[in-house]
Amino acid sequence: MNSLRELNSDTVLRFGPYAFHLNQRLVLEGDQPLRLGGRALDILQVLVEHAGSVVSKENLIAQVWPKTVVEEINLRVHVAALRRALRDGQDGHCYITTIPQRGYSFVASVQTASQGAPIPFESLRKTQHNLPARLTPVTGRDAVVGSLVRQLPVRRFMTLVGPCGIGKTTVALRVAELLLQHYRDGVWLVDLAMIDDPAQVVDHLTRTLGLEVGTTLDALGSWHALLVLDNCEHLLERCRALIETLLISAPRLSILVTSREPLLATGETLLPLPPLVVPPASALRSIDEFMGYSAVQLFVNRARGCQQGFALREQDLKVVREICRRLDGLPLAIELAAAQIDALALVGLQSQLDNCFQLLTQGRRTAVPRHQTLKAALDWSYERLSPQEQTVLQRLAVFKSAFTLDAARGVVSCATLQPASFTSVMDSLVLKSLLSLEQSNGVSRFRFLNTTRSYALEKLEHSGALRTFEMRYAGYISHTPRSSGRQVAL
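Counting in the numbering used here, the sequence shown tops out at residue 571, every number present.
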(Lines of atoms letter the chains of each structure in order from A; the text may use other names.)
(Lines give C-alpha, C1' and ligand atoms only; values in the text may rest on other atoms or scores of the structure.)
Protein backbone atom coordinates (compact mmCIF):
# COMPACT_ATOMS: atom_id res chain seq x y z
CA MET A 82 0.00 0.00 0.00
CA ASN A 83 1.26 3.50 -0.84
CA SER A 84 1.98 5.92 1.96
CA LEU A 85 -1.17 7.70 3.06
CA ARG A 86 0.45 10.38 5.16
CA GLU A 87 0.74 13.13 2.57
CA LEU A 88 -2.67 12.84 1.01
CA ASN A 89 -4.46 15.87 -0.37
CA SER A 90 -8.07 16.60 0.44
CA ASP A 91 -9.33 15.26 -2.93
CA THR A 92 -8.28 11.72 -2.09
CA VAL A 93 -10.79 8.95 -1.49
CA LEU A 94 -9.74 6.18 0.91
CA ARG A 95 -11.47 2.85 0.29
CA PHE A 96 -11.62 -0.07 2.71
CA GLY A 97 -14.12 -2.91 2.75
CA PRO A 98 -17.47 -1.55 1.51
CA TYR A 99 -16.62 1.99 2.64
CA ALA A 100 -15.30 5.09 0.87
CA PHE A 101 -13.88 7.95 2.97
CA HIS A 102 -14.08 11.20 0.97
CA LEU A 103 -11.63 13.47 2.77
CA ASN A 104 -12.73 16.64 1.03
CA GLN A 105 -16.36 16.21 2.03
CA ARG A 106 -15.56 14.71 5.45
CA LEU A 107 -17.94 11.93 4.44
CA VAL A 108 -17.87 8.14 4.76
CA LEU A 109 -20.15 6.24 2.39
CA GLU A 110 -21.24 2.63 2.49
CA GLY A 111 -22.35 2.18 -1.09
CA ASP A 112 -24.34 5.36 -1.64
CA GLN A 113 -25.43 5.76 1.99
CA PRO A 114 -23.55 8.16 4.31
CA LEU A 115 -22.57 6.90 7.76
CA ARG A 116 -23.67 8.86 10.83
CA LEU A 117 -20.33 9.96 12.27
CA GLY A 118 -19.56 12.97 14.43
CA GLY A 119 -16.67 15.31 13.75
CA ARG A 120 -14.37 13.83 16.40
CA ALA A 121 -15.01 10.29 15.17
CA LEU A 122 -14.13 11.37 11.63
CA ASP A 123 -10.93 13.00 12.89
CA ILE A 124 -9.94 9.77 14.68
CA LEU A 125 -10.77 7.66 11.65
CA GLN A 126 -8.68 9.85 9.37
CA VAL A 127 -5.64 9.61 11.65
CA LEU A 128 -5.98 5.83 11.96
CA VAL A 129 -6.54 5.24 8.24
CA GLU A 130 -3.63 7.49 7.24
CA HIS A 131 -1.43 5.39 9.56
CA ALA A 132 -3.00 2.07 8.52
CA GLY A 133 -0.91 -0.91 9.60
CA SER A 134 0.85 1.07 12.32
CA VAL A 135 0.03 1.53 15.97
CA VAL A 136 -1.11 5.02 16.91
CA SER A 137 -0.72 5.69 20.61
CA LYS A 138 -3.65 7.04 22.60
CA GLU A 139 -1.57 10.09 23.50
CA ASN A 140 -0.85 10.78 19.83
CA LEU A 141 -4.50 10.40 18.86
CA ILE A 142 -5.65 12.75 21.59
CA ALA A 143 -2.97 15.30 20.64
CA GLN A 144 -4.06 15.29 16.98
CA VAL A 145 -7.83 15.21 17.50
CA TRP A 146 -7.97 17.58 20.51
CA PRO A 147 -4.87 19.76 19.89
CA LYS A 148 -5.90 22.66 22.13
CA THR A 149 -7.99 20.91 24.75
CA VAL A 150 -7.17 18.70 27.70
CA VAL A 151 -9.45 15.66 27.56
CA GLU A 152 -9.65 12.39 29.41
CA GLU A 153 -8.93 9.06 27.74
CA ILE A 154 -12.58 8.08 28.19
CA ASN A 155 -13.49 10.60 25.47
CA LEU A 156 -11.23 8.79 23.02
CA ARG A 157 -12.67 5.41 23.95
CA VAL A 158 -16.24 6.67 23.46
CA HIS A 159 -15.52 7.92 19.94
CA VAL A 160 -13.59 4.78 18.96
CA ALA A 161 -16.52 2.68 20.16
CA ALA A 162 -18.88 4.82 18.04
CA LEU A 163 -16.60 4.28 15.03
CA ARG A 164 -16.63 0.54 15.53
CA ARG A 165 -20.42 0.49 15.73
CA ALA A 166 -20.79 2.59 12.59
CA LEU A 167 -18.36 0.39 10.65
CA ARG A 168 -19.91 -2.77 12.11
CA ASP A 169 -16.39 -3.68 13.16
CA GLY A 170 -16.00 -7.36 13.95
CA GLN A 171 -19.29 -8.38 12.31
CA ASP A 172 -19.25 -10.86 9.41
CA GLY A 173 -15.53 -11.30 9.90
CA HIS A 174 -14.66 -7.69 9.05
CA CYS A 175 -12.09 -6.09 11.35
CA TYR A 176 -10.97 -2.49 10.97
CA ILE A 177 -9.75 -1.08 14.30
CA THR A 178 -7.88 -3.17 16.86
CA THR A 179 -6.83 -2.20 20.35
CA ILE A 180 -3.17 -2.82 21.14
CA PRO A 181 -3.01 -3.22 24.94
CA GLN A 182 -0.89 -0.59 26.71
CA ARG A 183 -0.05 1.02 23.35
CA GLY A 184 -3.01 2.36 21.38
CA TYR A 185 -5.04 1.56 18.27
CA SER A 186 -4.30 0.27 14.80
CA PHE A 187 -6.30 0.32 11.56
CA VAL A 188 -5.70 -3.18 10.22
CA ALA A 189 -7.86 -3.37 7.06
CA SER A 190 -6.42 -2.95 3.59
CA VAL A 191 -6.78 0.63 2.33
CA GLN A 192 -6.73 1.74 -1.32
CA THR A 193 -6.40 5.31 -2.47
CA ALA A 194 -8.25 6.78 -5.42
CA SER A 195 -8.82 10.18 -6.94
CA GLN A 196 -12.13 11.95 -6.67
CA GLY A 197 -12.84 11.00 -10.26
CA ALA A 198 -15.76 8.67 -9.62
CA PRO A 199 -18.86 10.79 -8.93
CA ILE A 200 -20.43 10.54 -5.48
CA PRO A 201 -24.23 10.12 -5.52
CA PHE A 202 -25.92 13.50 -5.66
CA GLU A 203 -28.06 12.90 -2.59
CA SER A 204 -24.92 12.30 -0.53
CA LEU A 205 -23.02 15.33 -1.75
CA ARG A 206 -25.73 17.94 -2.30
CA LYS A 207 -24.69 21.18 -0.69
CA THR A 208 -25.65 21.22 2.95
CA GLN A 209 -27.97 24.07 3.82
CA HIS A 210 -27.78 25.82 7.16
CA ASN A 211 -27.86 29.18 8.88
CA LEU A 212 -25.48 28.37 11.73
CA PRO A 213 -23.26 31.22 12.95
CA ALA A 214 -19.49 30.92 12.68
CA ARG A 215 -18.03 29.57 15.92
CA LEU A 216 -15.24 31.81 17.19
CA THR A 217 -14.00 29.70 20.12
CA PRO A 218 -13.70 25.96 20.81
CA VAL A 219 -16.36 24.19 22.86
CA THR A 220 -14.83 23.11 26.18
CA GLY A 221 -15.82 20.22 28.42
CA ARG A 222 -18.89 19.13 26.48
CA ASP A 223 -17.67 16.16 24.43
CA ALA A 224 -19.75 13.61 26.35
CA VAL A 225 -23.07 15.46 26.11
CA VAL A 226 -22.44 16.50 22.50
CA GLY A 227 -21.61 12.92 21.57
CA SER A 228 -24.75 11.66 23.30
CA LEU A 229 -26.94 14.13 21.41
CA VAL A 230 -25.30 13.37 18.06
CA ARG A 231 -25.95 9.65 18.55
CA GLN A 232 -29.48 9.92 19.92
CA LEU A 233 -31.06 12.83 18.05
CA PRO A 234 -31.52 11.15 14.64
CA VAL A 235 -33.27 8.26 16.40
CA ARG A 236 -35.26 9.98 19.16
CA ARG A 237 -36.09 12.96 16.91
CA PHE A 238 -37.09 15.37 19.71
CA MET A 239 -34.75 16.28 22.55
CA THR A 240 -34.67 19.27 24.91
CA LEU A 241 -31.56 20.66 26.55
CA VAL A 242 -32.58 22.24 29.86
CA GLY A 243 -30.62 24.23 32.41
CA PRO A 244 -30.14 27.67 33.95
CA CYS A 245 -29.01 30.72 32.04
CA GLY A 246 -25.30 30.77 31.33
CA ILE A 247 -24.95 26.96 31.40
CA GLY A 248 -24.15 26.82 27.67
CA LYS A 249 -27.29 25.29 26.14
CA THR A 250 -27.01 27.25 22.91
CA THR A 251 -23.29 26.49 22.60
CA VAL A 252 -23.91 22.75 22.94
CA ALA A 253 -26.87 22.80 20.55
CA LEU A 254 -24.88 24.63 17.87
CA ARG A 255 -21.97 22.19 18.20
CA VAL A 256 -24.37 19.26 17.78
CA ALA A 257 -25.86 20.96 14.72
CA GLU A 258 -22.40 21.42 13.20
CA LEU A 259 -21.58 17.74 13.64
CA LEU A 260 -24.87 16.66 12.05
CA LEU A 261 -24.58 18.87 8.97
CA GLN A 262 -23.78 15.94 6.70
CA HIS A 263 -26.54 13.76 8.09
CA TYR A 264 -29.60 15.78 7.09
CA ARG A 265 -30.43 16.10 3.39
CA ASP A 266 -32.27 19.40 3.86
CA GLY A 267 -29.78 20.87 6.28
CA VAL A 268 -29.82 22.13 9.85
CA TRP A 269 -31.54 25.32 10.88
CA LEU A 270 -31.23 27.53 13.94
CA VAL A 271 -34.56 29.14 14.89
CA ASP A 272 -33.86 31.74 17.60
CA LEU A 273 -37.11 32.31 19.44
CA ALA A 274 -35.63 34.93 21.78
CA MET A 275 -36.25 37.36 18.95
CA ILE A 276 -40.05 37.19 19.31
CA ASP A 277 -42.48 37.54 22.21
CA ASP A 278 -45.82 36.97 20.50
CA PRO A 279 -46.81 33.27 20.30
CA ALA A 280 -48.81 34.05 17.15
CA GLN A 281 -45.56 34.86 15.33
CA VAL A 282 -43.83 31.53 15.99
CA VAL A 283 -44.88 29.74 12.79
CA ASP A 284 -44.16 32.76 10.56
CA HIS A 285 -40.76 33.16 12.22
CA LEU A 286 -40.01 29.48 11.57
CA THR A 287 -40.97 29.58 7.89
CA ARG A 288 -39.02 32.81 7.31
CA THR A 289 -35.95 31.25 8.93
CA LEU A 290 -36.25 28.24 6.63
CA GLY A 291 -36.44 30.51 3.58
CA LEU A 292 -40.00 29.51 2.70
CA GLU A 293 -42.43 31.85 1.00
CA VAL A 294 -44.71 34.02 3.10
CA GLY A 295 -47.92 32.18 3.95
CA THR A 296 -46.38 28.73 3.55
CA THR A 297 -48.03 26.17 5.83
CA LEU A 298 -46.27 23.54 7.91
CA ASP A 299 -47.41 20.93 5.38
CA ALA A 300 -44.54 22.11 3.18
CA LEU A 301 -42.14 20.44 5.61
CA GLY A 302 -43.77 17.04 5.22
CA SER A 303 -40.94 15.60 3.09
CA TRP A 304 -38.07 17.49 4.73
CA HIS A 305 -35.13 15.57 6.17
CA ALA A 306 -33.70 18.27 8.41
CA LEU A 307 -32.71 19.24 11.93
CA LEU A 308 -34.41 22.22 13.55
CA VAL A 309 -32.72 23.82 16.56
CA LEU A 310 -35.39 25.78 18.42
CA ASP A 311 -33.35 28.00 20.71
CA ASN A 312 -34.77 29.80 23.80
CA CYS A 313 -38.27 28.34 24.01
CA GLU A 314 -38.95 29.06 27.68
CA HIS A 315 -41.17 32.12 27.13
CA LEU A 316 -43.28 30.44 24.42
CA LEU A 317 -43.78 27.01 25.95
CA GLU A 318 -47.40 26.35 24.97
CA ARG A 319 -46.97 27.49 21.37
CA CYS A 320 -43.70 25.61 20.94
CA ARG A 321 -45.25 22.49 22.45
CA ALA A 322 -48.14 22.58 19.98
CA LEU A 323 -45.83 23.36 17.04
CA ILE A 324 -43.44 20.51 17.77
CA GLU A 325 -46.18 17.94 18.35
CA THR A 326 -47.65 18.92 14.97
CA LEU A 327 -44.30 18.74 13.17
CA LEU A 328 -43.39 15.35 14.60
CA ILE A 329 -46.55 13.91 13.06
CA SER A 330 -46.70 15.85 9.77
CA ALA A 331 -42.94 15.75 9.00
CA PRO A 332 -41.73 12.25 10.00
CA ARG A 333 -38.13 12.88 8.89
CA LEU A 334 -37.62 16.05 10.91
CA SER A 335 -35.48 16.04 14.06
CA ILE A 336 -35.92 18.81 16.62
CA LEU A 337 -33.43 19.97 19.24
CA VAL A 338 -34.81 22.46 21.76
CA THR A 339 -33.01 24.65 24.28
CA SER A 340 -35.05 25.94 27.18
CA ARG A 341 -34.73 26.85 30.83
CA GLU A 342 -37.65 24.56 31.55
CA PRO A 343 -39.12 21.44 29.90
CA LEU A 344 -41.80 21.79 27.24
CA LEU A 345 -43.66 18.75 28.63
CA ALA A 346 -44.57 17.79 25.08
CA THR A 347 -45.37 14.33 23.75
CA GLY A 348 -42.22 12.46 22.76
CA GLU A 349 -39.85 14.87 24.51
CA THR A 350 -36.54 13.47 25.77
CA LEU A 351 -35.03 15.74 28.42
CA LEU A 352 -31.29 16.19 28.78
CA PRO A 353 -30.36 18.43 31.75
CA LEU A 354 -27.07 20.19 31.02
CA PRO A 355 -24.74 20.08 34.03
CA PRO A 356 -22.22 22.79 34.92
CA LEU A 357 -18.58 22.35 33.98
CA VAL A 358 -16.59 20.24 36.41
CA VAL A 359 -14.79 22.18 39.16
CA PRO A 360 -11.72 20.45 40.61
CA PRO A 361 -11.85 19.15 44.18
CA ALA A 362 -9.31 20.33 46.72
CA SER A 363 -7.35 17.11 46.17
CA ALA A 364 -6.54 18.24 42.60
CA LEU A 365 -4.38 21.13 43.83
CA ARG A 366 -1.32 18.92 43.91
CA SER A 367 -0.27 19.35 40.29
CA ILE A 368 -1.00 21.60 37.32
CA ASP A 369 -1.48 18.62 34.98
CA GLU A 370 -4.13 17.08 37.21
CA PHE A 371 -5.78 20.46 37.77
CA MET A 372 -6.01 21.11 34.02
CA GLY A 373 -8.00 17.90 33.62
CA TYR A 374 -11.17 19.68 34.85
CA SER A 375 -13.39 21.38 32.31
CA ALA A 376 -14.13 24.54 34.36
CA VAL A 377 -10.39 25.17 34.63
CA GLN A 378 -9.82 24.44 30.94
CA LEU A 379 -12.41 27.05 29.96
CA PHE A 380 -11.03 29.65 32.36
CA VAL A 381 -7.45 29.15 31.17
CA ASN A 382 -8.40 29.11 27.47
CA ARG A 383 -10.35 32.35 27.75
CA ALA A 384 -7.71 33.98 29.96
CA ARG A 385 -5.05 33.20 27.35
CA GLY A 386 -7.24 34.86 24.74
CA CYS A 387 -7.38 38.03 26.83
CA GLN A 388 -3.88 38.18 28.24
CA GLN A 389 -0.95 37.25 26.05
CA GLY A 390 1.40 34.88 27.82
CA PHE A 391 -1.05 33.87 30.56
CA ALA A 392 0.17 30.68 32.19
CA LEU A 393 -1.19 28.77 35.15
CA ARG A 394 1.29 28.48 38.02
CA GLU A 395 1.16 26.22 41.05
CA GLN A 396 0.54 29.20 43.34
CA ASP A 397 -2.51 30.10 41.21
CA LEU A 398 -4.37 26.81 41.56
CA LYS A 399 -6.23 27.57 44.77
CA VAL A 400 -7.40 30.96 43.48
CA VAL A 401 -8.57 29.60 40.12
CA ARG A 402 -10.43 26.75 41.84
CA GLU A 403 -12.19 29.23 44.12
CA ILE A 404 -13.18 31.41 41.16
CA CYS A 405 -14.63 28.44 39.26
CA ARG A 406 -16.37 27.09 42.37
CA ARG A 407 -17.95 30.39 43.34
CA LEU A 408 -19.15 30.85 39.77
CA ASP A 409 -20.88 27.45 39.95
CA GLY A 410 -19.01 26.04 36.95
CA LEU A 411 -21.26 28.19 34.70
CA PRO A 412 -19.49 28.68 31.35
CA LEU A 413 -20.86 32.19 30.79
CA ALA A 414 -19.82 33.36 34.27
CA ILE A 415 -16.36 31.80 33.91
CA GLU A 416 -15.88 33.42 30.50
CA LEU A 417 -16.90 36.83 31.83
CA ALA A 418 -14.53 36.47 34.77
CA ALA A 419 -11.62 35.33 32.59
CA ALA A 420 -12.21 38.30 30.30
CA GLN A 421 -11.16 40.60 33.16
CA ILE A 422 -7.86 38.87 33.84
CA ASP A 423 -5.85 41.57 32.12
CA ALA A 424 -7.44 44.37 34.15
CA LEU A 425 -7.77 42.71 37.55
CA ALA A 426 -5.31 39.78 37.61
CA LEU A 427 -6.23 36.64 39.56
CA VAL A 428 -6.07 38.29 42.97
CA GLY A 429 -8.38 41.07 41.82
CA LEU A 430 -10.86 38.57 40.42
CA GLN A 431 -10.88 36.63 43.67
CA SER A 432 -11.50 39.78 45.68
CA GLN A 433 -14.62 40.49 43.62
CA LEU A 434 -16.20 37.11 44.29
CA ASP A 435 -17.92 38.42 47.43
CA ASN A 436 -19.57 40.97 45.20
CA CYS A 437 -20.43 38.52 42.45
CA PHE A 438 -22.97 40.93 41.00
CA GLN A 439 -20.11 43.11 39.68
CA LEU A 440 -18.92 40.18 37.58
CA LEU A 441 -22.44 39.63 36.30
CA THR A 442 -22.50 43.06 34.67
CA GLN A 443 -19.30 42.69 32.65
CA GLY A 444 -20.02 42.24 28.96
CA ARG A 445 -19.03 40.44 25.76
CA ARG A 446 -19.55 42.75 22.79
CA THR A 447 -19.55 39.89 20.27
CA ALA A 448 -22.46 38.01 21.90
CA VAL A 449 -26.18 38.47 21.34
CA PRO A 450 -27.65 40.96 23.87
CA ARG A 451 -29.05 38.37 26.31
CA HIS A 452 -25.61 36.67 26.50
CA GLN A 453 -23.44 39.78 26.69
CA THR A 454 -23.68 39.79 30.48
CA LEU A 455 -24.91 37.25 32.99
CA LYS A 456 -27.16 39.95 34.38
CA ALA A 457 -28.82 40.28 30.96
CA ALA A 458 -29.32 36.51 30.87
CA LEU A 459 -30.87 36.54 34.35
CA ASP A 460 -33.01 39.55 33.44
CA TRP A 461 -34.39 37.48 30.58
CA SER A 462 -35.64 34.86 33.05
CA TYR A 463 -36.70 37.24 35.83
CA GLU A 464 -38.81 39.48 33.62
CA ARG A 465 -40.85 36.48 32.53
CA LEU A 466 -41.75 35.43 36.08
CA SER A 467 -45.13 36.22 37.60
CA PRO A 468 -45.13 38.90 40.34
CA GLN A 469 -45.54 36.17 42.96
CA GLU A 470 -42.59 34.22 41.56
CA GLN A 471 -40.44 37.37 41.56
CA THR A 472 -41.34 38.12 45.17
CA VAL A 473 -40.58 34.59 46.39
CA LEU A 474 -37.30 34.41 44.46
CA GLN A 475 -36.12 37.69 46.00
CA ARG A 476 -36.97 36.68 49.56
CA LEU A 477 -35.45 33.21 49.25
CA ALA A 478 -32.10 34.83 48.42
CA VAL A 479 -31.45 35.42 52.14
CA PHE A 480 -30.73 31.68 52.48
CA LYS A 481 -26.99 31.15 52.37
CA SER A 482 -27.17 27.42 51.70
CA ALA A 483 -29.67 24.65 51.02
CA PHE A 484 -33.11 24.96 52.65
CA THR A 485 -36.29 22.94 53.06
CA LEU A 486 -39.78 23.87 51.93
CA ASP A 487 -40.81 24.44 55.56
CA ALA A 488 -37.88 26.80 56.04
CA ALA A 489 -38.83 28.70 52.88
CA ARG A 490 -42.39 29.13 54.13
CA GLY A 491 -41.17 30.24 57.55
CA VAL A 492 -38.94 32.97 56.14
CA VAL A 493 -40.75 34.14 53.02
CA SER A 494 -44.14 34.36 54.78
CA CYS A 495 -46.00 35.70 51.76
CA ALA A 496 -49.48 36.58 53.00
CA THR A 497 -50.95 36.56 49.49
CA LEU A 498 -49.95 32.92 48.90
CA GLN A 499 -51.81 29.96 50.32
CA PRO A 500 -49.67 26.91 51.23
CA ALA A 501 -50.64 25.01 48.07
CA SER A 502 -49.90 28.05 45.93
CA PHE A 503 -46.56 28.56 47.63
CA THR A 504 -45.56 24.98 46.82
CA SER A 505 -46.60 25.56 43.22
CA VAL A 506 -44.42 28.67 43.00
CA MET A 507 -41.43 26.79 44.40
CA ASP A 508 -41.94 23.99 41.88
CA SER A 509 -42.17 26.54 39.10
CA LEU A 510 -38.86 28.18 40.11
CA VAL A 511 -37.22 24.74 39.97
CA LEU A 512 -38.70 24.03 36.54
CA LYS A 513 -37.41 27.41 35.32
CA SER A 514 -33.89 26.45 36.51
CA LEU A 515 -33.76 29.33 39.03
CA LEU A 516 -33.59 26.89 41.94
CA SER A 517 -32.28 23.34 42.07
CA LEU A 518 -33.90 20.56 44.09
CA GLU A 519 -31.76 17.89 45.72
CA GLN A 520 -32.47 14.86 47.88
CA SER A 521 -30.36 13.93 50.90
CA ASN A 522 -31.22 11.34 53.54
CA GLY A 523 -34.84 11.37 52.42
CA VAL A 524 -35.19 15.15 52.79
CA SER A 525 -35.80 17.48 49.84
CA ARG A 526 -33.85 20.74 49.86
CA PHE A 527 -33.69 23.70 47.51
CA ARG A 528 -30.50 25.46 46.54
CA PHE A 529 -29.46 28.58 44.63
CA LEU A 530 -26.57 28.93 42.25
CA ASN A 531 -24.30 31.61 43.72
CA THR A 532 -24.77 33.82 40.68
CA THR A 533 -28.58 33.55 40.78
CA ARG A 534 -28.60 34.27 44.52
CA SER A 535 -26.47 37.40 44.02
CA TYR A 536 -28.90 38.61 41.37
CA ALA A 537 -31.96 37.95 43.57
CA LEU A 538 -30.31 39.65 46.57
CA GLU A 539 -29.72 42.74 44.48
CA LYS A 540 -33.40 42.76 43.53
CA LEU A 541 -34.41 42.35 47.19
CA GLU A 542 -32.14 45.23 48.21
CA HIS A 543 -33.62 47.48 45.54
CA SER A 544 -37.10 46.64 46.85
CA GLY A 545 -36.11 48.01 50.26
CA ALA A 546 -36.91 44.73 52.02
CA LEU A 547 -33.44 43.18 52.34
CA ARG A 548 -32.93 44.06 56.01
CA THR A 549 -36.42 42.84 56.94
CA PHE A 550 -35.88 39.38 55.46
CA GLU A 551 -32.32 39.06 56.70
CA MET A 552 -33.73 39.56 60.22
CA ARG A 553 -36.53 37.10 59.55
CA TYR A 554 -33.97 34.55 58.29
CA ALA A 555 -31.80 35.05 61.39
CA GLY A 556 -34.84 34.70 63.64
CA TYR A 557 -35.97 31.52 61.95
CA ILE A 558 -32.54 29.92 62.30
CA SER A 559 -32.25 30.85 65.97
CA HIS A 560 -35.59 29.16 66.73
CA THR A 561 -35.03 26.06 64.59
CA PRO A 562 -33.21 23.16 66.31
CA ARG A 563 -30.43 21.67 64.22
CA SER A 564 -31.81 18.20 64.83
CA SER A 565 -35.27 19.17 63.61
CA GLY A 566 -36.64 17.99 60.32
CA ARG A 567 -37.14 21.69 59.60
CA GLN A 568 -33.44 22.53 59.70
CA VAL A 569 -32.50 25.30 57.35
CA ALA A 570 -29.07 24.46 56.07
CA LEU A 571 -26.66 21.61 55.77
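C-beta: ideal position from N, C-alpha, C; glycine also. Just so it is clear, the structure is predicted and the values come from calculations on it, not from any experiment.
Cβ-Cβ distances below 6 Å link H102 to V93 in the same chain, with the five nearest sequence neighbours on each side left out; the list follows chain order. Collapsing the DSSP output to three states places P114 in a strand.
Under the DSSP assignment, S517 falls in the beta strand (DSSP E) whose first and last residues are S517 to S521.
DSSP places F480 in no alpha helix (DSSP H); its state is neither H nor E.
Your pair L115 and Y185 does not check out as a contact, with CB atoms roughly 18 Å apart and the cut at 8 Å. By the 16-neighbour rule on beta-carbons within 10 angstroms, A424 is exposed.
Taking a C-beta distance under 9 Å as the contact criterion, I336 and R255 do not qualify as a contact pair.
Taking E416 as reference, the option from A392, Q469, V377 and Q389 with the minimal CA-CA separation is V377. Between the C-alpha atoms of N522 and D487 there is a straight-line separation of about 16 Å. Residue state for P343 is assigned as coil, using DSSP reduced to three classes. E370 is a Cβ neighbour of A364, given a cutoff of 9 Å. Annotation for R385: F391 place their beta carbon closer than 6 Å to its own, counting only its chain and skipping 5 residues before and after. For L327 and T287, the gap between their C-alpha atoms comes out near 13 Å. Residue pairing by DSSP places T193 opposite L94 in a beta bridge.
The C-beta distance from L270 to N312 rounds to 11 Å, too long to fall under 8 Å, and the pair is not in contact. Shown here, F550 sits in a helix according to DSSP, grouped into three states.
When the five nearest sequence neighbours on each side are left out, the beta carbons in the same chain lying within less than 8 Å of the beta carbon of M275 are those of H285, in order along the chain. Looking at A280, L233, C320 and P279, the one whose alpha-carbon comes closest to that of Y264 is L233. A check of alpha carbon separations from R407 across F484, G291 and F380 identifies F380 as the nearest. The alpha carbon of S517 has as its nearest neighbour, out of S502, F503 and T533, the alpha carbon of T533. Across the set L354, P98 and G118, the C-alpha of P98 shows the shortest separation from the C-alpha of G111.
Distances from the CA of S190 to each of H174, R183, I368 and V283 were compared; the closest alpha carbon is that of H174. Your pair L156 and E342 does not check out as a contact, with CB atoms roughly 35 Å apart and the cut at 8 Å. Beta-bridge analysis with DSSP links M239 to L337 and T350.
Rounded to whole angstroms, the gap between the alpha carbons of V479 and Q520 is 21 Å. Contact annotation: D223 and R120 have beta-carbon atoms nearer than 9 Å.
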